[in-house]
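Each residue of the sequence shown is one higher than the one before, counting from 10 in our numbering. Here a beta-carbon is modelled for each residue, glycine too, at the ideal position from N, C-alpha and C. Quick notes on the structure that follows.
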Amino acid sequence: MQFISRAQWGALPPDHTAREENGFFHPQHNPGGWLVYTRPLTELLNTLVIHHSAEDAGQMGVREIQRLHIEQNGWADIGYHFVIDGVGIGYEARPLTVRGVHVRAANTGTVGIVLLGNFEINHPRPAQLDTLEQLVAFLVGQYPGLTHLAAHADFNEETVCPGRNMLPWLRPLALRHYLQYGTEGYQMPTWSQ
Ligand SMILES: [Zn+2]
């Protein structure tokens, strides 16, 4: 699986002064902070969460999304772990060793994957779906604790993410990789990382 590395796409370094992810994780003083996992990812990662970027024209690339997440959302870095652009090129985004910011109240141990496009209106392209398939296969092979795959909307009912034209692809995708579909694999953090 070939994904464009952060160095290759020119990622900005994480901004640890970012207002919404201000500084490093602390169980009491900063539970929302930048959490570098200390437990092995093979145990900790449990659920893949699929998103769309929801912008119609597809003009935003991975750099623009990172800048938006840092400057507008106030996060330390791009919220997702992987980005698949409109022609199916994959990018490493937030390091997998760091908790993402992509799903409300279920970020610890979940992997955020976004496909660029608005799949309420448009359809995911075959090249995007191919790359997603390869990424899921790779992650399931690397991290045996992954048991589930879900849509963002399965966790957070206020969103339609990743869009009506993407949703039908997800359950079959999960089943092809021997994952269960849905949110039941998520484990609430105990902060005993
Ligand atoms: Zn989403």
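query: Identify the residues that DSSP records as bridge partners of glutamine 68: which are they?; result: Bridge partners of glutamine 68: none, in fact.
query: Would you kindly work out how many angstroms separate the C-alpha atoms of alanine 115 and leucine 50, rounded to a whole number?; result: 16 Å
query: What's the C-alpha gap between valine 92 and threonine 140?; result: 10 Å
query: Any chance the CB of histidine 90 is under 6 Å from a heavy atom of ligand 1?; result: no
query: Within this structure, are the beta carbons of leucine 179 and histidine 157 separated by less than 7 Å?; result: no
query: Who sits around ligand 1, taking every residue whose Cβ is closer than 5 Å to one of its heavy atoms?; result: His60, His161, Cys170
query: Could you check where the beta strand (DSSP E) with alanine 160 kicks off and where it finishes?; result: 157-160
query: How long is the line joining the alpha carbons of asparagine 131 and asparagine 174, rounded to whole angstroms?; result: 7 Å
query: If we ignore side chains and look at the alpha-carbon of each, how far apart do isoleucine 79 and leucine 176 end up?; result: 28 Å
query: Where does glycine 150 land, buried or exposed, given buried means 16+ other C-beta within 10 angstroms?; result: exposed
query: Measure from the alpha carbon of glycine 154 to the alpha carbon of each residue in Phe12, Ala160, Leu57, then state which is nearest.; result: Leu57
query: In three-state DSSP terms, what is leucine 105?; result: coil
query: Evaluate glutamate 29 with the Cβ neighbour count: other Cβ atoms within 10 Å of its Cβ, from every protein chain shown; 16 or more gives buried, anything less gives exposed.; result: exposed
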